[in-house]
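Residue 1 is where the sequence shown starts when you use this note's numbering, and the numbers rise one by one after that. Ideal Cβ placement from N, Cα and C applies to all residues, glycine included. Here the structure is a predicted model, which means the values were calculated and not measured. To start, the structure itself, in structure tokens.
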Amino acid sequence: MLSINYLSIGYNRKGKNIVVQSDLNLLLNSGELVCLVGPNGSGKSTLLRTLAGLQQPLSGQIFIDDEDIFSLSARQKALRLAMVLTERIDIENTTVEQIVAMGMQPHTSWWGTISSSQKKKINDYLEFVNLQAFKDRFINKLSDGERQRAMIARALAQDTPHIFLDEPTAHLDLPNRIEIMLLLRHLAHSADKAILISTHELEIALQVADIIWLLSNELPVQIGTPAELIANGTFERVFNSENYSFIADNEYFIKLKK
Ligand code: ADP
Ligand code: MG
Numbered sequence: 001m002l003s004i005n006y007l008s009i010g011y012n013r014k015g016k017n018i019v020v021q022s023d024l025n026l027l028l029n030s031g032e033l034v035c036l037v038g039p040n041g042s043g044k045s046t047l048l049r050t051l052a053g054l055q056q057p058l059s060g061q062i063f064i065d066d067e068d069i070f071s072l073s074a075r076q077k078a079l080r081l082a083m084v085l086t087e088r089i090d091i092e093n094t095t096v097e098q099i100v101a102m103g104m105q106p107h108t109s110w111w112g113t114i115s116s117s118q119k120k121k122i123n124d125y126l127e128f129v130n131l132q133a134f135k136d137r138f139i140n141k142l143s144d145g146e147r148q149r150a151m152i153a154r155a156l157a158q159d160t161p162h163i164f165l166d167e168p169t170a171h172l173d174l175p176n177r178i179e180i181m182l183l184l185r186h187l188a189h190s191a192d193k194a195i196l197i198s199t200h201e202l203e204i205a206l207q208v209a210d211i212i213w214l215l216s217n218e219l220p221v222q223i224g225t226p227a228e229l230i231a232n233g234t235f236e237r238v239f240n241s242e243n244y245s246f247i248a249d250n251e252y253f254i255k256l257k258k
């Protein structure tokens with residue numbers, strides 16, 4: 001479980017704090033898929049980096065399984081949370097299997113060659129993301145969707161109760177976007193993991209999220225199920241448009257006005 005108390009996130013420039021979001025009080029439970037939604041620049045990446053302990057908060061606290069994240073060693077942190085970033089990784093001569101094996105590093109004191117029991121596990125992770133046939137392919141020779149699935153398999157190999165993904169669907173076409181989101185939802189529910197995904201694609205978040213955390217400039221962070229945030233008018237206020245409206249009683253949630 002991840003617990004966020006009165007968190008203020010942002011940057012420090014020339015001794016002055018630049019606040020991106022403040023007063024964040026959030027809970028991420030196991031078995032839950034949470035989508036962190038908001039327009040570009042609203043602070044999604046900043047929040048994920050702060051939650052992963054990659055940057056300091058301006059104030060407030062983050063507890064992961066009741067321990068302050070900034071009191072954990074790198075290895076203790078790596079056993080509790082895996083982070084999948086969007087940036088294209090540019091590694092040559094590294095196979096999908098080797099990338100996934102790297103995810104196991106916090107659990108093994110030694111690495112270099114892959115043992116047969118590790119190979120079996122890696123195969124299971126690749127099967128989960130439907131990438132078994134790509135085991136020996138070089139990572140830089142994959143399509144965006146395949147590479148993203150390999151990075152998810154690597155996060156699975158890290159075998160953590162929490163997984164954070166920053167815009168995992170950013171470079172993907174629609175079928176791949178939906179497939180990856182459904183796969184992550186299945187993972188949260190079937191493996192009882194806490195999964196936090198940032199996305200600026202509201203329509204996809206509406207389809208898959210158990211809970212949405214909505215960041216915006218207009219309102220403090222809004223928390224609720226997709227249906228709740230539609231019913232209470234939050235989306236209408238933050239994403240108001242002449243062209244579409246939000247409806248809570250339709251499985252697609254967004255309706256063109258014309
Ligand atoms: P999002 O991921 O929702 O698009 P970001 O978290 O990347 O938003 O950015 C939130 C705000 O923080 C933006 O105004 C951005 O310009 C600013 N920002 C991002 N990175 C830095 C940085 N390294 N230093 C200063 N400001 C930054
Ligand atoms: Mg971002």
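Burial state of residue i, where buried means 16 or more other Cβ atoms lie within 10 Å
i: Ser190; result: exposed
i: Phe246; result: buried
i: Thr108; result: exposed
i: Thr169; result: buried
i: Gly43; result: buried
i: Asp192; result: exposed
i: Ile4; result: buried
i: Gln21; result: buried
i: Ala265; result: Any property of residue 265 remains undetermined from this structure, which presents the chain solely from 1 to 258.
i: Leu28; result: buried
i: Gly41; result: exposed
i: Gly15; result: exposed
i: Leu259; result: Since the displayed the chain opens at 1 and closes at 258, residue 259 lies outside it and no answer follows.
Cut-off 8 Å between Cβ atoms - residues of its own chain near residue i, not counting five sequence neighbours on either side
i: Pro220; result: Asp23
i: Tyr6; result: Asp23, Leu24, Asn25, Ser59, Gly60 and Gln61
i: Asn12; result: Ile18 and Leu58
i: Lys135; result: Thr95, Val96, Glu97, Ile122, Asn123 and Leu126
i: Asn176; result: Asp144, Gly145, Gln148 and Thr169
i: Thr225; result: Ala209, Asp210, Ile211 and Ile212
i: Lys119; result: Glu97
i: Ala74; result: none
i: His200; result: Val37, Gly38, Pro39, Asn40, Lys44 and Glu167
i: Glu92; result: Phe138 and Asn140
9 Å Cβ cutoff met for residue i and residue j
i: Thr86; j: His171; result: yes
i: Val96; j: Phe128; result: no
i: Ile163; j: Leu184; result: yes
i: Ile180; j: Gln158; result: no
i: Leu2; j: Phe63; result: yes
i: Val100; j: Leu165; result: no
i: Ala78; j: Thr160; result: yes
i: Ser198; j: Leu47; result: yes
i: Glu167; j: Ser45; result: yes
Whole-angstrom C-beta distance between residue j and residue i, which should lie under 8 Å
i: Val37; j: Ile223; result: With a Cβ gap of about 11 Å, Val37 and Ile223 do not count as contacting.
i: Ser8; j: Leu72; result: Incorrect: roughly 21 Å between the Cβ atoms, too far for contact.
i: Asn140; j: Asp90; result: 7 Å
i: Leu214; j: Val238; result: 7 Å
i: Gly103; j: Ala155; result: 6 Å
i: Leu26; j: Ala52; result: Going by Cβ atoms, the distance from Leu26 to Ala52 rounds to 14 Å, so no, they are not a contact pair.
i: Ser241; j: Pro39; result: Not a contact, Cβ separation roughly 12 Å.
i: Leu131; j: Ala153; result: 6 Å
Beta-carbon contacts of residue i that lie in its chain and below 6 Å, excluding the five residues immediately before and after
i: Asp210; result: Glu32 and Leu33
i: Val208; result: Met181 and Arg185
Cut-off 7 Å between Cβ atoms - residues of its own chain near residue i, not counting five sequence neighbours on either side
i: Leu187; result: Lys193 and Ile195
i: Thr113; result: none
i: Asp65; result: Met1 and Arg80
i: Glu218; result: Arg237 and Val238
i: Arg49; result: Gln55
i: Arg88; result: none
i: Leu229; result: Ile212, Leu214, Gln222 and Phe235
At least 3 beta-carbon pairs within less than 8 Å: the region 88-105 vs the region 119-135:
yes
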